[in-house]
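Undergrad: One structure, pasted below without further comment.
Rendered as structure tokens:
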């Protein structure tokens, strides 16, 4: 982005010392040369007009013009007719340009999970919602606000969570945060403050994220196995943990739904052990079977702390999420949020409130559900053609599936060979408490992969999944 | 905001069980009644059309229509001709409306410090910048990004900080965060990780904020006195602390500027003790004298971690700030930011980058400098008229001043009496490590107080400041 400072800069931080024996013009020249040499003024940057500079430093305009002329003669500055005076090329130290992360090689298809269709982000709706929110915002709302977030968004979100997730959502106990990661970090700090020492997590699940957040909160993290009915509550009981992080509606990464008897057992465990269930409700908006699964939070609102996010429904870059707290924990969680960053950006909150309340969010979800269903069908078709008989599970919701590799085939070999065919595949290994344990499986994320790319990617790499080299 | 769900909701979470002996219509009726009674569906909320509901649940449309008619007859639903079916009043449990914080009583003038002119927030410029950023954003940038923040904003910010603050700003070592509070929280966690055990803070200063952030990071916080030259570096040396939080350009709340010899002493202390200076550069954009004061960071980039924010230049509600790190600490700070929330909202960052790069930010600052200068002049005029001879200090920058109360007058008495005259005044007490220590002083924030309100407020309360009841 070319820098186009409008007219004068706020201040150039050039001082002249009237008590010095050095003439004022020399002082100004030295100051400007130093600013250019050290990169404080960069190539192409516009200088204040001689009038503005003279006013700022209380010098005569003629003196500033002479100084600019001198530096132009020396090659530090350039002036084009009818244009501002700018810093010339070649005098600054090598600028420290931002080193972009190395671009990943172009892939035929990248089946990385957890990414929604980024190209389908409703840009126009978001622009509309931001504009409406900014136009309507009272100036008092531009101050620091309630660290829980805007009352307007909490009201709208609570309605949404009651309606769509069967949550027992009271806006008083909703805290808006910057996405799931912050919700988890705050939740674990709150739990540490209540005397919890150990937090359990699903295995497979998100060991790295939970372990890091637990360590930051001073907690110990222990894995608990997941089977085809979801989290093993008996095994959880045996850990002695008084907190657990679960994905009941669509287990990450296996995709299994926590069975009804397990839900009841989990709520019962929390009550008996004075424990808290942290519910990660990450992608339940997208379901393809006909058995809607409400949030666990609705079953036991005093025992479940539910975290939601728009990272899967809209885009990760928005960094908006929420924590629905057991009432006893709302105060502490609000305190930690306040301490963390004094609340989430207000205009973003108000924009999301308008997006939901206007029905545009629902419309986007409906559109995306159709789109993901088509990609899911394309994935199954392609697998049937190129890896027939491959066991694929976890397809009830969201936008990823899990393929079980044939005996003797390792995740690493498949991932590496697929990369050579320019297909991004990902093993379940990093999702395991012990990456080497458990059967070899591949997670296939199709959220950000178009139908054609799904077909091409599986055509290229399907044989690897089937165990053919 | 009236909820206007567009057409059907994503899912109402009503399930019908085809294996049950209960007729489908009865199941649907029971489900809807329960949703209304428990508040999952609220008064006035729109139901999906019978067509949509029928499609979702794979029922006949006639069955859904019969069910709606039945619930209408029972008073659960209302239908107006040509309008959607909605939930009728009177059946839900009392909704948990968001309880707004009690509105403060209307004041003639509220001299609370630290708040910029909220009514002058450049709404149209922000809408423009957001729209431009959203239109131009590549979809890959809507994914999770570099936790340090957008390369575009870091590049533009680094230029701004070099130019306006004489900072040694390298975009590689800038981490965008959600305002000063997050910057401080992250910085203290990083310092705790490097073995720092004690952090010093200015007294008077922000004892509550530093103590809370220090406690969260596991650090001990100790006060160090401020005199008319700023922080007492000899006293700092004696604490044994290896970190200190300072406001060198415009000390909060006294308004003194850290003297040149103190700046050098502070940088020397940091080098000798392997210590880090956390520089809070909160309002230095607004200066009224002619002695620009560069950031301390420019003097000792390896030893100073500088935190900036747009809370004073634009609005606190934006929640955007940055940390300019000593290179040795950038990695750790980025890691803590990642763990905290995976990065600041990208569109907001890109909007700020455009605001700065287009020159609109500079223009806003110039406008605000004129406005604050006028308010400052109005304050001094009013004080000269209503509290002549009152010692007022700290006027070099920002938008607050400090008035010293006459002997025998307490902050509490003045604040209480002023409130009865509907003027918000604030004592320095809460800024002191020991609120009872030190001379009685009042902080007069004029950022969000118009010239007329300044005059009226001081006319009403000036006598109190002068020690007249």
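Residue numbers (our numbering), protein chains in the order written: chain P, 157 to 625; chain D, 157 to 625. Backbone N, C-alpha and C fix where the C-beta goes; we use that ideal spot for every residue, glycine too. It should be emphasised that the depicted structure is a prediction, and the values quoted were computed from it without experimental measurement.
Are residue 268 of chain P and residue 601 of chain P closer than 9 Å when you measure CB to CB?
TA: Yes, the Cβ-Cβ distance between residue 268 of chain P and residue 601 of chain P is below 9 Å.
Undergrad: Can you list, in chain order, the residues of the stretch 377-404 of chain D whose Cβ is nearer than 9 Å to any Cβ on chain P?
TA: Cβ contacts with chain P come from no residue of the stretch 377-404 of chain D.
Undergrad: According to the neighbour-count rule (16 or more other Cβ atoms, all chains shown, within 10 Å of its Cβ), is residue 579 of chain D buried or exposed?
TA: With 16 or more Cβ atoms within 10 Å of its Cβ, residue 579 of chain D is classed as buried.
Undergrad: What in chain D is Cβ-close to residue 300 of chain P, meaning under 7 Å?
TA: Residues of chain D passing the Cβ test: 472.
Undergrad: Which residues, in chain order, does the stretch 496-529 of chain P contribute to contact with chain D at a C-beta distance below 8 Å?
TA: Against chain D - using a Cβ distance shorter than 8 Å - the residues of the stretch 496-529 of chain P are 496, 497, 498, 499, 500, 501, 502, 503, 504, 509, 510, 513, 514, 515, 516, 518, 519, 521, 522 and 525.
Undergrad: If residue 574 of chain P sits next to residue 453 of chain P, beta carbons under 8 Å apart, how far is it from one beta carbon to the other, in whole angstroms?
TA: No, residue 574 of chain P and residue 453 of chain P are not in contact; Cβ-Cβ is about 38 Å, not under 8 Å.
Undergrad: At a CB distance below 7 Å, what residues from the stretch 331-353 of chain P approach chain D? Give them in sequence order.
TA: Those would be 334, 335, 337, 338 and 341, in chain order.
Undergrad: For residue 534 of chain D, I'd like the list of residues in its chain whose CB is within less than 7 Å of its CB, leaving aside the five on either flank, ordered along the chain.
TA: 607, 610 and 611.
Undergrad: What ranges does the alpha helix (DSSP H) occupy inside the stretch 327-388 of chain D, keeping only unbroken runs of at least 4 residues that lie completely in it?
TA: Runs of the alpha helix (DSSP H) inside the stretch 327-388 of chain D: 336-349 and 363-373.
Undergrad: Do we get a CB-CB distance below 9 Å when we pair residue 283 of chain D with the residues of chain P?
TA: Output row for residue 283 of chain D: interface = yes.
Undergrad: In the DSSP assignment, the beta strand (DSSP E) including residue 177 of chain D goes from what residue to what residue?
TA: Premise fails: residue 177 of chain D is in no beta strand (DSSP E) and is neither H nor E.
Undergrad: Could you tell me whether the Cβ atoms of residue 425 of chain D and residue 331 of chain D are closer together than 9 Å?
TA: Contact flag unset, no.
Undergrad: Looking only at its own chain, which residues have a Cβ that is under 8 Å from the Cβ of residue 300 of chain D, when we skip the five neighbours before and after it?
TA: Excluding sequence neighbours, residue 300 of chain D sits near 498 and 499.
Undergrad: Just curious, the beta strand (DSSP E) that residue 597 of chain P is in, first and last residue?
TA: It spans 597-601 - the beta strand (DSSP E) in which residue 597 of chain P sits, taken as one unbroken run.
Undergrad: In this structure, what does DSSP give as the bridge partners for residue 242 of chain D?
TA: Residue 242 of chain D is bridged to D:202 and D:234.
Undergrad: According to DSSP, simplified to helix, strand and coil, what is residue 436 of chain P?
TA: Of the three classes helix, strand and coil, the one that applies to residue 436 of chain P here is strand, per DSSP.
Undergrad: Any idea if residue 190 of chain D is buried or exposed, counting beta-carbon neighbours within 10 angstroms, 16 or more meaning buried?
TA: Residue 190 of chain D should be labelled exposed.
Undergrad: Mind checking if residue 198 of chain D is an interface residue toward chain P, Cβ cutoff 9 Å exclusive?
TA: Taking Cβ atoms only, chain P reaches closer than 9 Å to residue 198 of chain D, which makes this a yes.
Undergrad: Less than 8 Å between C-beta atoms, sequence neighbours within five positions excluded: which residues of the same chain meet that for residue 530 of chain P?
TA: Contacts found: 607.
Undergrad: Nearest to residue 368 of chain P by alpha carbon, out of P:382, P:463, P:285 and P:345?
TA: Closest by alpha carbon: P:345.
Undergrad: Reducing DSSP to helix, strand and coil, say where residue 571 of chain P ends up.
TA: In this structure, residue 571 of chain P counts as helix in the three-state DSSP scheme.
Undergrad: Measuring alpha carbon to alpha carbon, tell me which of P:270, P:556, P:621 and P:318 ends up nearest residue 196 of chain D.
TA: Answer by Cα proximity: P:318.
Undergrad: Anything in the stretch 264-291 of chain P with a Cβ closer than 8 Å to a Cβ of chain D? List those residues in chain order, please.
TA: For the stretch 264-291 of chain P, which is checked against every Cβ of chain D, the residues closer than 8 Å are 271, 274, 275, 277, 279, 282, 283, 286, 287, 290 and 291.
Undergrad: Taking the alpha-carbon positions, what's the residue 629 of chain D to residue 516 of chain D distance?
TA: Coverage of chain D is limited to positions 157 through 625, which leaves residue 629 of chain D absent and any answer about it impossible.
Undergrad: Rounded to the nearest angstrom, how far is the Cβ of residue 462 of chain P from that of residue 480 of chain P, given a contact under 8 Å?
TA: About 4 Å; that satisfies the 8 Å criterion.
Undergrad: Can you tell me which residues form a DSSP beta bridge with residue 281 of chain P?
TA: Paired residues: none, contrary to the question.
Undergrad: Is there a C-beta anywhere in chain P that falls below 9 Å from the one on residue 476 of chain D?
TA: So, interface residue.
Undergrad: If distances are taken between C-alpha atoms only, which option among P:476, P:405, P:456 and P:383 comes closest to residue 339 of chain P?
TA: Closest by alpha carbon: P:476.
Undergrad: With residue 627 of chain D and residue 285 of chain D assumed to form a contact (beta carbons below 8 Å), what rounded beta-carbon distance in angstroms separates them?
TA: Within the shown structure, residues of chain D are numbered from 157 to 625, placing residue 627 of chain D beyond reach of any answer.
Undergrad: Do residue 491 of chain D and residue 303 of chain D have their CB atoms nearer than 9 Å?
TA: In contact: residue 491 of chain D and residue 303 of chain D (Cβ atoms closer than 9 Å).
Undergrad: What residues from the stretch 215-242 of chain P come within 9 Å of chain D, judged by C-beta to C-beta, listed N to C?
TA: Against chain D - using a Cβ distance shorter than 9 Å - the stretch 215-242 of chain P contributes no residues.
Undergrad: On the criterion of 16 or more Cβ atoms from any shown chain inside 10 Å, does residue 280 of chain D qualify as buried, or is it exposed?
TA: Exposed: under 16 other Cβ atoms inside 10 Å.
Undergrad: How about the stretch 374-381 of chain D and the stretch 412-422 of chain D: do they share at least three Cβ pairs that are nearer than 8 Å?
TA: The stretch 374-381 of chain D, when compared against the stretch 412-422 of chain D, does not touch it at the 8 Å Cβ threshold.
Undergrad: Among P:518, P:488 and P:522, whose alpha-carbon lies nearest the alpha-carbon of residue 351 of chain P?
TA: When only C-alpha atoms are compared, the closest one is P:488.
Undergrad: Report yes if the CB atom of residue 438 of chain D is closer than 9 Å to the CB atom of residue 468 of chain D, and no otherwise.
TA: Contact flag set, yes.
Undergrad: Beta strand (DSSP E) containing residue 463 of chain D: first to last residue?
TA: Note, residue 463 of chain D: beta strand (DSSP E), 460-465.
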